[in-house]
Amino acid sequence: MTTQNNNLKSSIMFEGFSQHNIKIDNINIHFKVGGQGPFLLLLHGFPQNHYLWGHIAPLLASQFTVVCSDLRGYGQSGKPADVAAYSFRKMAHDQLRLMDHLTHEKFHLVGHDRGGRTAHRMALDQPDRIASITLMDIVPTHLLLDQLTQAMARSYYHWFFLSQPAPFPETLIGYNPDHYFMSNLAGLCAGDLSLFSTHQLNAYKTDWNDPDTIRGMCNDYRATIDIDFFLDEADLGRSLIIPACVMWGEKGIVGSHYDPLECWKQWFANIVGHAMPGGHFFPEHYPESTAEVLHNFLNSVN
876 MTTQNNNLKS SIMFEGFSQH NIKIDNINIH FKVGGQGPFL LLLHGFPQNH YLWGHIAPLL
936 ASQFTVVCSD LRGYGQSGKP ADVAAYSFRK MAHDQLRLMD HLTHEKFHLV GHDRGGRTAH
996 RMALDQPDRI ASITLMDIVP THLLLDQLTQ AMARSYYHWF FLSQPAPFPE TLIGYNPDHY
1056 FMSNLAGLCA GDLSLFSTHQ LNAYKTDWND PDTIRGMCND YRATIDIDFF LDEADLGRSL
1116 IIPACVMWGE KGIVGSHYDP LECWKQWFAN IVGHAMPGGH FFPEHYPEST AEVLHNFLNS
1176 VN
């Protein structure tokens, strides 16, 4: 595996991709699509948007039709007002409807952070649609909240700050969004912000300076506490046979506090795991290494 950092990739961000919008239940979902072959849906995390995949997507497009979508509440997708609209089930429904629009076949599914949690819920609700699933730098939502440790509570404090009732977190964040969200990035990557692509950071900053995006992200975390925890609790004990891969940053918080592969074996009977160079944001910091692992896994299940 290639382990050097290559922020400045030979591939141009989203080279050969086209961008689109689709209305799903009266909510706009923004996405880019490019490439050829089996369909592959890539879902981003917090506090980002689909630009997370900007350097990875072209590396996968030679073998796959790659779809990079903004989750509701993020990027250029719609931002409904109600907390209940931000459950991972609702987010997964958006993406399933998007893939219905693009293909009637099964598709491969990859999610980082919040996108990974959305992907997990999608697999639980519609397992027959998913050809494979890859989860990046997360452990199961129910496990993290049900067995919360002091160390994880301190590292993941933003879960409990963002989930406070409106408009408390929105007001504080709105005073200086760049400072708040850059501190999130720094805290999750051990402070080395130089590893981020300028193009990706600028795309993130544009979105998180929008008050509706700030509200949408807070509602995402509120829904996790109030809704998603209980949805996952109802599914405890289920083991899916979908081919699965879990990837985590070898220097990240998740890998330091858990054995991610063992955690996800409770949910997936056919799963492999890979420790990746760097921390939480390894897809952005090491896109070539990330694409290589994805290629190998996806080709093994095609």
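Going by our numbering, the sequence shown opens with residue 876, and the numbers climb by one from there.
Every residue gets a Cβ at the ideal spot worked out from N, C-alpha and C, and that includes glycine.
Contact between S944 and L918 holds, with the beta-carbon distance rounding to 6 Å and staying under 8 Å. Here the stretch 975-991 makes contact with the stretch 906-916; the two share three or more CB pairs at distances below 8 Å.
Assigned with DSSP and collapsed to three states, G929 falls in coil, not helix or strand.
Across the set G1130, R947, G912, T1024, the C-alpha of G912 shows the shortest separation from the C-alpha of A936. Rounded to whole angstroms, the gap between the alpha carbons of P933 and K1126 is 26 Å. Where M997 is concerned, the enclosing alpha helix (DSSP H) starts and stops at 989-1000. Put simply, the backbone Cα of L1115 is about 31 Å away from that of G953.
Taking a 10 Å sphere around the C-beta of K907, we find 16 or more other C-beta atoms and assign the residue as buried.
Counting along the chain, A967 sits inside the alpha helix (DSSP H) bounded by residues 963-977. By the criterion of at least three beta-carbon pairs nearer than 8 Å, the stretch 1086-1095 is not in contact with the stretch 1002-1019. Collapsing the DSSP output to three states places C1064 in coil. The beta carbons of I1117 and I1048 sit about 36 Å from each other, so the pair does not count as a contact at 8 Å. Of the candidates C1120, H895, F921, the residue whose Cα lies closest to the Cα of N1059 is F921.
About 6 Å separates the beta carbon of D1000 from that of R964, a gap short enough to meet the 8 Å contact definition.
Contact between the stretch 1024-1043 and the stretch 1141-1148 is absent, with fewer than three C-beta pairs closer than 8 Å. Residues of the same chain with a CB within less than 7 Å of the CB of P1135, apart from the 5 flanking positions on each side, are V1014, V1121, W1123, V1129, G1148 in chain order. Inclusion of S1038 and I1102 in the CB contact set at 8 Å is not warranted, their separation being larger than that value. Cβ-Cβ distances below 8 Å link P1158 to L927, W928, I931, H987, M1011, T1165 in the same chain, with the five nearest sequence neighbours on each side left out; the list follows chain order. Per DSSP, H1155 lies in no beta strand (DSSP E) and is assigned neither H nor E.
By the 16-neighbour rule on beta-carbons within 10 angstroms, Y1096 is buried. When the alpha-carbon of T978 is set against those of F1156, T1016, V941, the nearest one is in V941. Between the alpha carbons of R996 and W1139 lies a gap of roughly 13 Å. The beta-carbon distance between Y1161 and G1154, rounded to whole angstroms, is 10 Å. This is too long to meet the 8 Å contact definition. Residue range 1025-1030 is occupied by the alpha helix (DSSP H) that includes S1030, with no beta strand (DSSP E) assigned at that position.
Look at the stretch 1117-1150 and you find these whole runs of beta strand (DSSP E), each 3 residues long or longer: 1119-1124.
M888 carries a coil assignment under DSSP once its states are collapsed to helix, strand and coil.
Per DSSP, the continuous beta strand (DSSP E) segment holding S1007 begins and ends at 1005-1011. In its chain, beyond the 5 residues on either side, K907 have a beta carbon closer than 6 Å to the beta carbon of Q894. Within the same chain, K954 come within 8 Å of D1087 by CB-CB distance, once the 5 residues on both sides are set aside. With respect to the 8 Å criterion, H976 and D1107 are not classified as neighbours on the basis of their beta carbons. Counting along the chain, H1074 sits inside the alpha helix (DSSP H) bounded by residues 1073-1083. Secondary structure of S1038 (DSSP, three-state): coil.
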